[in-house]
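Peer 1:
2 protein chains.
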Amino acid sequence: MRNLHIVKVGGNIIEKDEDLQHFLDLFANLEGPKILVHGGGKLATELAERLGIAVKMIDGRRITDAETVEVITMVYGGKVNKHIVAGLQARNCNALGFSGADGNTIYSVKRPVKNIDFGFVGDVVGVNSELIDKLLDIGITPAFCAITHDGKGQLLNTNADTIACELAIGLSKSYKVTLNYCFEKPGVLIDVANDDSVVREINTSKYSELLEDKIIADGLLPKLENCFYALKGGVNKVQLGKPEMLQNTNTNFTTLRL
Amino acid sequence: MRNLHIVKVGGNIIEKDEDLQHFLDLFANLEGPKILVHGGGKLATELAERLGIAVKMIDGRRITDAETVEVITMVYGGKVNKHIVAGLQARNCNALGFSGADGNTIYSVKRPVKNIDFGFVGDVVGVNSELIDKLLDIGITPAFCAITHDGKGQLLNTNADTIACELAIGLSKSYKVTLNYCFEKPGVLIDVANDDSVVREINTSKYSELLEDKIIADGLLPKLENCFYALKGGVNKVQLGKPEMLQNTNTNFTTLRL
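Residue numbers (the working numbering), protein chains in the order written: chain A, 1 to 258; chain B, 259 to 516.
1. Do you know how far the Cα of B/V333 is from the Cα of B/L301?
2. Under 7 Å between the Cβ atoms of A/Y281 and A/G60?
3. Identify the contact partners of A/K152 in chain B, using a Cβ-Cβ distance below 7 Å as the criterion.
4. Tell me which same chain residues have a C-beta within less than 8 Å of the C-beta of A/V121, skipping the five on either side of it?
5. Closer than 6 Å by C-beta to A/D149: which residues in its own chain qualify, once you throw out the five before and the five after it? Chain order, please.
6. Please return the same chain residues whose Cβ sits closer than 8 Å to the Cβ of B/I398, not counting the five positions on each side in sequence.
7. If you follow the beta strand (DSSP E) that B/A401 is in, where does it begin and where does it stop?
8. Taking 7 Å as the threshold (beta carbon to beta carbon), is B/V343 in contact with chain A?
9. Residues of chain B with CB closer than 8 Å to the CB of A/T73, please, in chain order.
10. Should the region 126-136 of chain A be called in touch with the region 159-175 of chain A, which here means at least 3 C-beta pairs below 8 Å?
11. For A/G77 versus B/G445, is the C-beta distance shorter than 7 Å?
12. Could one say the Cβ of B/N352 lies closer than 7 Å to chain A's Cβ atoms, at least one of them?
13. May I ask you to report which of helix, strand or coil DSSP gives B/E289?
14. At a CB-CB cut-off below 7 Å, which residues of chain A make contact with B/K392?
15. Which of helix, strand or coil does DSSP assign to B/Q497?
16. Have a look at B/I271, B/L262, B/L288, B/I421 and flag the residue whose alpha-carbon is nearest the alpha-carbon of B/N506.
17. B/M503 by DSSP, collapsed to three states: which one?
18. State the Cα-Cα distance for the pair B/I524 and B/V450, rounded to the nearest angstrom.
19. Buried or exposed, going by whether 16 or more other CB atoms sit within 10 Å of the CB of B/A419?
20. Using alpha carbons as the reference points, say which of B/L469, B/D471, B/L498 lies closest to B/R458.
21. Please name the residue, chosen from B/I293, B/L282, B/K266, B/L284, that lies closest to B/D395 on a Cα-to-Cα basis.
22. With DSSP collapsed to three states, give me the class of B/S466.
23. Rounding to the nearest angstrom, what Cα-Cα distance links B/V343 and A/V198 in this structure?
24. For B/A306, which residues in the same chain have their Cβ closer than 6 Å to its Cβ, ignoring the five residues on either side in sequence?
25. Have a look at B/M503, B/D454, B/F486, B/T513 and flag the residue whose alpha-carbon is nearest the alpha-carbon of B/F285.
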């Protein structure tokens, strides 16, 4: 099976154009078939504020109302996605931007209302990997923003980590997939304040150990749950770290395997 | 050669969601391979106003500065394009959104500065029809917004009529192309106030006649120049009229041939 890199780039990197350009340099240099996945970080919140759209929260959870999903579509699907695509084209990487609605690649359902109505938030139901497969075969690099659709005309705000994870699982049928989460930290750290304390390898038993020792907590917990969900779904390995890990040099980063 | 419909939908239709949905019904029902092209009408101006971005004009011509091209990217490439793609998916039409940067499909140059610096406005240099061809072959319907790129990372605001025209010429090598301009009028009118005064057929000699009689003037002149440029470039025929003409019923519309 051929190798495939799926790379999710974090919000902090996207927010600073200098960091984004550096990331795009590294991503464009990755050999072989690859897919980029991005959200938009605080850029959507910034636009909402400029437009006077209030951020709605219930029990500390953010609600995506009709106005907010429109802002997200403009920022993630328009501004950020097209900026990334044009930036990759300038680096001779033949990128093509996608939301999940495009080519019906990722379909989802509006999150069912239990205690909280999250609004226009999508839980992924499935990935149509056939079209993506064909595009990868002819040298296209799909660039996905964090938007899916319900098949009935509604766009849905969807977590970018989840999109990367679902794409990775969907494409594991035909590729040996490495799923990369690029963010501002060099990986899973024993001591959050010390970038040299990276845990280089995590497997299922090491994961349990880290959980018991409370090394993995807060924001990292759902991320790592996603990673193991991907591995159990057929993904070959998951890597977490700064964009430099894409160069396969001696940089510190975390590798996860079952 | 197979038939291909390229349909440019006008700004007035996009601005009212009811009209847009009606247009999408008609477009989705078109048989065979097809491409949609859209701008965003006044929706970009509305967003610019809400953001306090002043419209810059020189000698009555609009200037696209850095802030404006960003607004256009958000509105045309994000909000409008994804809304259209999701709407077509809901109608079982497998749409895939494009700017000219996506797949490097339409590349352009920033309009050279003569008397006026128009800013980030693109004059189309070429169309890569190969990728579009392959997508049409597997049942994908490309939906293009009015944005191109310069291959160096810069997105450029580009006239949607021109994009439709250049795509039609580029694809004429492999298809018998009908180029459709859908707008709020039923076609070229002898009397602008009378929708029943449609000129049904215009060829080169009829065109000269209409020009002499000053029937074609103002906004229609560049549109018809575009049409004849397309016909001379190999497009089979051009149709102008209300969206209903896509149904090929007995509605009034204008057909142009050489």
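Just so you know, even glycine gets a beta-carbon here, dropped at the ideal spot from N, CA and C.
Because the structure is a prediction, the values reported are computed rather than measured.
Peer 2: In short, the structure shows the following:
1. 7 Å
2. Outside the displayed range of chain A (1 to 258) lies residue 281 of chain A, so it cannot be described from this structure.
3. A348
4. T64, K110, R111, L156, N157, T158
5. Residue 149 of chain A is actually His in this sequence, not Asp. These residues qualify, in order along the chain: G100, A101, L155.
6. N352, A353, L354
7. 399-403
8. yes
9. G336, K337, K340, H341
10. yes
11. no
12. yes
13. coil
14. I138
15. strand
16. B/L288
17. helix
18. Because residue 524 of chain B is not part of the residues shown, which for chain B are 259 to 516, the question remains open.
19. What sits at residue 419 of chain B in the sequence shown is Asp, not Ala. So B/D419 counts as buried.
20. B/L498
21. B/I293
22. helix
23. 43 Å
24. V329
25. B/M503
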